[in-house]
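For the sequence shown, the numbering used here gives the first residue as 603, with consecutive numbering after it. Glycine included, every Cβ here is placed at the ideal spot set by N, Cα and C. To start, the structure itself, in structure tokens.
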Amino acid sequence: MRVRSFAVLAILSLAIVFPQAQTNPSAEKQILALLERQMQAANAHDTDRFLSPFLHSDNLVFVSEGTIIRGWNRLREQQLVWWNNGKSDVVYTQTAPPELDQLAPGSMLVTQQLAAQRNSSAGNTQPLHLVATTVWKKSSAGWQIVYCHESLAP
603 MRVRSFAVLA ILSLAIVFPQ AQTNPSAEKQ ILALLERQMQ AANAHDTDRF LSPFLHSDNL
663 VFVSEGTIIR GWNRLREQQL VWWNNGKSDV VYTQTAPPEL DQLAPGSMLV TQQLAAQRNS
723 SAGNTQPLHL VATTVWKKSS AGWQIVYCHE SLAP
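Shown next, in the form of structure tokens:
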């Protein structure tokens with residue numbers, strides 16, 4: 603009963619702290635432009651350009667298929683592996699417009715539905731569908747991703 607009461611209290615607290623957050627059109631426009639550049643970088647397999655909007659700090663958290671990567675440097679090392687040092691043939695496309703929700707002033711939640719297609723070693727095309735959820739925070743450096751979770755969709 604105590605856990606249930608705590609959960610209800612937590613939800614009510616969030617409703618008070620974030621009452622019907624309004625999306626900031628300027629923030630949306632800025633983040634959508636960053637997402638567009640990020641998609642271009644992903645399809646060019648340009649790791650540094652792709653990761654440029656991510657927080658360049660050990661505080662960055664990236665979760666993919668149950669693996670937690672902490673820190674920009676570790677994520678960069680892993681991204682280079684995933685894209686075979688820029689030699690990957692994976693192609694990404696958006697399957698729906700990104701969903702942007704302002705959590706609080708200077709904080710945005712973005713959900714993207716994506717498709718990825720690559721050739722297997724046998725020469726077959728392997729389509730994948732994934733969902734990426736990112737938390738963006740506005741800082742003096744501009745909008746930055748501080749948290750990302752990617753998962754494969756069925």
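Going by C-alpha to C-alpha distance, which of the options sits closest to residue i?
i	options	result
Ser-742	Ala-646, Pro-655, Asp-648	Pro-655
Thr-695	Lys-739, Leu-653, Val-733	Val-733
Asp-660	Leu-754, Phe-652, Gly-673	Gly-673
Leu-716	Glu-752, Arg-676, Ile-670	Glu-752
Thr-649	Ile-670, Phe-664, Leu-657, Glu-679	Glu-679
DSSP three-state call for residue i: helix, strand or coil?
i	result
Trp-674	helix
Trp-684	helix
Glu-679	helix
Pro-729	strand
Lys-739	strand
Leu-702	strand
Thr-697	coil
Could you spell out the range, first to last residue, of the beta strand (DSSP E) harbouring residue i?
i	result
Ala-717	709 to 721
Ser-753	744 to 755
Which two residues bound the contiguous alpha helix (DSSP H) that contains residue i?
i	result
Pro-627	627 to 646
Thr-649	649 to 653
Using the C-alpha atoms, what's the distance from residue j back to residue i?
i	j	result
Trp-684	Gln-632	27 Å
Pro-627	Asn-726	42 Å
Ser-709	Lys-740	6 Å
Thr-736	Ala-724	34 Å
Val-619	Asp-703	Interpretation of Val-619 is limited by its pLDDT of 48, a score under 50 that renders its predicted location unreliable; the figure taken from the coordinates is listed afterwards. Using only the alpha carbons, I get a separation of about 15 Å.
Ser-687	His-647	As written in the sequence, residue 687 is Asn, which differs from the Ser given in the question. About 8 Å.
Thr-749	Val-693	It should be pointed out that residue 749 corresponds to Tyr in this sequence rather than to Thr. Roughly 23 Å separates the two Cα atoms.
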